[in-house]
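Protein chains in written order, with my numbering: chain U, 12 to 275; chain E, 2 to 152.
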Amino acid sequence: MSTSNFDNSRARHPKAYVNTLSIIQLHYRSPFVVAFWSIMFPGFGHILINKYIIGIFLFLWEVFINFKSNVNLAILYSFTGQFEIAKNVIHTDWILLYLPTYMFAIWDSFRSTATINNLYKLSQREDALVYPMKFHSLGLNYIDKRSPWVAAAWSALSPGTGQLYLHKLVDAFFILAWWIAIVYFSKLLPCIHYTLLGDFFDAKKVVSPHWFLSIPSIYMFSIYDAYMNCVEFNNLFDWEQSKFLKREYQNSNFKLPKKVSKIC
Amino acid sequence: MYIISTFEYSNYLEIAITYIESKGISKENILAVPMDKRDEQRKLFDSIHYSDGLSLFDLPMILGTLFMIFGAVYGFILTLGPLLWGLIAMFTGFTLGLFIKLYTTKKYSNRPKAMKSTEVVLIIECSEGQMDMIKDALWHNHALGVAKLDL
Numbered sequence: 012m013s014t015s016n017f018d019n020s021r022a023r024h025p026k027a028y029v030n031t032l033s034i035i036q037l038h039y040r041s042p043f044v045v046a047f048w049s050i051m052f053p054g055f056g057h058i059l060i061n062k063y064i065i066g067i068f069l070f071l072w073e074v075f076i077n078f079k080s081n082v083n084l085a086i087l088y089s090f091t092g093q094f095e096i097a098k099n100v101i102h103t104d105w106i107l108l109y110l111p112t113y114m115f116a117i118w119d120s121f122r123s124t125a126t127i128n129n130l131y132k133l134s135q136r137e138d139a140l141v142y143p144m145k146f147h148s149l150g151l152n153y154i155d156k157r158s159p160w161v162a163a164a165w166s167a168l169s170p171g172t173g174q175l176y177l178h179k180l181v182d183a184f185f186i187l188a189w190w191i192a193i194v195y196f197s198k199l200l201p202c203i204h205y206t207l208l209g210d211f212f213d214a215k216k217v218v219s220p221h222w223f224l225s226i227p228s229i230y231m232f233s234i235y236d237a238y239m240n241c242v243e244f245n246n247l248f249d250w251e252q253s254k255f256l257k258r259e260y261q262n263s264n265f266k267l268p269k270k271v272s273k274i275c
Numbered sequence: 002m003y004i005i006s007t008f009e010y011s012n013y014l015e016i017a018i019t020y021i022e023s024k025g026i027s028k029e030n031i032l033a034v035p036m037d038k039r040d041e042q043r044k045l046f047d048s049i050h051y052s053d054g055l056s057l058f059d060l061p062m063i064l065g066t067l068f069m070i071f072g073a074v075y076g077f078i079l080t081l082g083p084l085l086w087g088l089i090a091m092f093t094g095f096t097l098g099l100f101i102k103l104y105t106t107k108k109y110s111n112r113p114k115a116m117k118s119t120e121v122v123l124i125i126e127c128s129e130g131q132m133d134m135i136k137d138a139l140w141h142n143h144a145l146g147v148a149k150l151d152l
């Protein structure tokens with residue numbers, strides 16, 4: 012087969028695109044799981060399905076509008092039964108702007124995932140070749156096999172490093188940057204310090220609840236994203252190698268083992 | 002004579018094949034048979050269960066995150082503070098999700114879970130003298146099994 016078949020632009024539904032920043036790949040995702048991450052933090056759903064521009068825009072908007080309208084504080088006071096404070100803490104100047112984009116993020120990520128699943132089905136049937144390596148003056152990238160648990164463990168130690176391990180640079184630097192920012196603004200490190208010393212009163216007093224409540228979603232998303240993408244990259248590797256072997260090492264002249272007849 | 006070996010998909014497999022080729026075995030004497038994975042067919046057509054092989058991880062992470070947030074929220078009014086309650090709740094949620102997932106998937110599937118499965122079968126036709134070189138190359142590149150076939 013000629014190498015021109017490796018030209019991805021010839022395929023109507025290529026399965027993956029290998030470039031030096033990342034590998035963009037189609038695979039099945041549950042729309043409900045993607046929508047869940049959008050609920051946790053608008054933008055995450057879109058980042059999961061590789062729609063980085065929308066994802067990053069929605070994420071930044073969420074950080075801004077949540078800060079302006081005090082939604083996280085309202086959540087904190089409502090769930091702890093302090094309804095009067097919850098009402099007072101909400102900024103009516105901003106809160107109504109919060110809701111439509113929040114709903115949009117959930118709806119759009121759900122809808123896009125359903126469409127992408129259909130495109131994946133088409134790409135499976137088209138089964139077009141994907142070239143496994145890509146060079147660039149700033150580096151290289153290739154489809155590789157890695158351990159999902161190692162990816163998850165790195166992201167659990169320091170969110171974003173699991174994505175670096177997978178060479179998903181957009182996710183990696185975005186998560187790293189925001190993890191650092193949120194750890195700083197939430198005063199997580201002094202909180203860990205006081206908690207380890209057993210000084211729970213100061214541990215509570217030192218944190219900024221607004222930023223602290225963003226930690227669970229970012230931390231867990233980073234682990235999930237690293238694990239999930241690692242599994243799918245491994246699947247992509249298997250698929251690509253299997254196609255290569257079938258193409259190159261199934262020669263019609265191969266003589267299969269045959270028992271030599273004893274009569275002749 | 003034939004040498005039959007089994008491999009997982011990996012770069013070592015291609016390194017072994019190209020090494021053997023460089024030692025004079027021609028391409029048409031090498032046959033590679035990649036095995037279809039057990040659930041590949043289902044994966045193609047089953048859009049309801051979204052069987053992408055990582056659904057085991059989805060629910061534990063979802064419950065872990067939800068619990069962690071509420072752990073942090075109530076941590077602000079409980080003694081141990083938001084950090085410890087967040088972590089406790091995260092592990093609780095993750096474990097709960099894992100148990101639910103293991104229980105429900107056990108009910109629907111009885112397929113064996115092989116840790117290292119054969120993914121590629123490699124058959125090489127060679128002469129007696131080349132056998133040792135080929136066997137060594139295969140073993141050195143992490144073959145799962147190598148066998149000689151002489152009919």
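Backbone N, C-alpha and C define an ideal beta-carbon position, used for all residues, glycine too.
Length at least 3, wholly inside the stretch 93-127 of chain U: the beta strand (DSSP E) runs in chain order: none
Which bits of chain U does E:Glu129 rub up against, with CB to CB less than 7 Å? Within chain U, no residue comes near E:Glu129; the closest Cβ sits about 15 Å away, beyond 7 Å.
Consider the C-beta atom of E:Glu29 and the heavy atoms of the ligand HEM; say whether any pair is separated by less than 7 Å. The ligand HEM is absent from the structure shown, which contains no ligand whatsoever.
Compute the Euclidean distance between the alpha carbons of U:Val217 and U:Asp119, then round it to the nearest angstrom. Distance from the CA of U:Val217 to the CA of U:Asp119, rounded to the nearest whole angstrom, comes to 37 Å.
What is the residue span of the beta strand (DSSP E) that E:Glu126 lies within? 121-126
Which residues, in chain order, does the stretch 22-35 of chain E contribute to contact with chain U at a C-beta distance below 8 Å? The residues in question are Lys28, Glu29, Asn30, Ile31, Leu32, Ala33, Val34, Pro35.
Name the residue from U:Val181, U:Thr124, U:Phe146, U:Ile96 whose alpha carbon lies nearest to the alpha carbon of U:Ile64. Comparing alpha carbon positions, the residue from U:Val181, U:Thr124, U:Phe146, U:Ile96 closest to U:Ile64 is U:Val181.
Name, please, each residue of chain U whose Cβ falls closer than 9 Å to the Cβ of E:Ser11. Within chain U, the residues near E:Ser11 are Lys156, Phe248, Gln252.
Near-chain E residues of the stretch 16-47 of chain U (beta-carbon distance less than 8 Å), N- to C-terminal order: His38, Tyr39, Arg40, Ser41, Val44, Phe47
Span separating the alpha-carbon of E:Ile70 from that of U:Asp249: 37 Å
Relative to the C-alpha of U:Asn246, which residue among E:Gly130, E:Leu57, E:Tyr10 is closest? Closest option to U:Asn246, Cα to Cα, is E:Tyr10.
U:Phe255: which of E:Ile5, E:Pro35, E:Tyr13 sits nearest, CA to CA? E:Pro35
If E:Asn30 sits next to E:Glu126, beta carbons under 8 Å apart, how far is it from one beta carbon to the other, in whole angstroms? 4 Å
Hey, how far is the Cα of E:Leu152 from the Cα of E:Lys38? 30 Å
Within the same chain, show all residues whose beta-carbon is closer than 8 Å to that of E:Met62, passing over the 5 residues directly before and after it, in chain order. Phe95, Gly98
Would you say E:Leu85 lies against chain U (beta-carbon separation less than 8 Å)? yes
Would the stretch 162-175 of chain U and the stretch 207-225 of chain U be scored as touching if the rule is three or more Cβ pairs under 8 Å? no
CB contact check: U:Ser228 to chain E, cutoff 8 Å: yes
Answer yes or no: does any C-beta atom of chain U fall closer than 8 Å to that of E:Leu81? Taking Cβ atoms only, chain U reaches closer than 8 Å to E:Leu81, which makes this a yes.
Exposed unless 16 or more other CB atoms sit within 10 angstroms - verdict on E:Ile101: When all chains shown are included, E:Ile101 counts as exposed.
Using alpha carbons as the reference points, say which of U:Thr124, U:Ile60, U:Asn61, U:Ser219 lies closest to U:Lys198. Of the candidates U:Thr124, U:Ile60, U:Asn61, U:Ser219, the one whose C-alpha sits nearest the C-alpha of U:Lys198 is U:Ser219.
Provide the residue span of the alpha helix (DSSP H) that contains U:Ile50, from first to last. The continuous alpha helix (DSSP H) containing U:Ile50 extends over residues 42-51.
Against chain B, with Cβ distances strictly below 8 Å, would U:Pro268 count as a contact? Here the protein chains are U and E, and chain B is not one of them.
Check the Cβ of U:Met144 against every Cβ in chain E and list those closer than 7 Å, keeping chain order. None at all; the shortest Cβ gap to chain E is about 11 Å.
Between U:Ala192 and chain E, is any beta-carbon pair separated by less than 8 Å? It does not: the Cβ of U:Ala192 has no partner Cβ on chain E nearer than 8 Å.
How many angstroms separate the CA atom of U:Lys266 from the CA atom of U:His178? 42 Å
CA nearest to the CA of U:Arg21, picked from U:Tyr142, U:Phe211, U:Leu151: U:Tyr142
Inter-residue CB distance, E:Leu150 and E:Met2 (contact presumed, cutoff 8 Å): 7 Å
Under the DSSP definition of a beta bridge, which residues are partnered with E:Phe92? Partner(s): none; E:Phe92 has no beta bridge.
Roughly how many angstroms lie between the CA atoms of U:Ala97 and U:Ile86, to the nearest whole one? 7 Å
Own chain partners of U:Ala183 with C-beta closer than 6 Å, once the 5 adjacent residues on each side are dropped: The residues are Gly171, Gln174, Leu175.
Suppose the cutoff is 7 Å on Cβ atoms and the five residues either side in sequence are ignored; what does the same chain contact list for U:Phe47 look like? none
Of the residues U:Ile203, U:Ser263, U:Trp189, the one placed nearest U:Gly54, counting alpha carbons only: U:Trp189
Between the CA atoms of U:Ile34 and U:Ile58 - distance to the nearest angstrom: Going by the C-alpha atoms only, they are around 13 Å apart.
Looking only at its own chain, which residues have a Cβ that is under 6 Å from the Cβ of U:Ser228, when we skip the five neighbours before and after it? Met51, Phe52
Taking only beta-carbon positions, decide if E:Ser6 is within less than 8 Å of chain U. no
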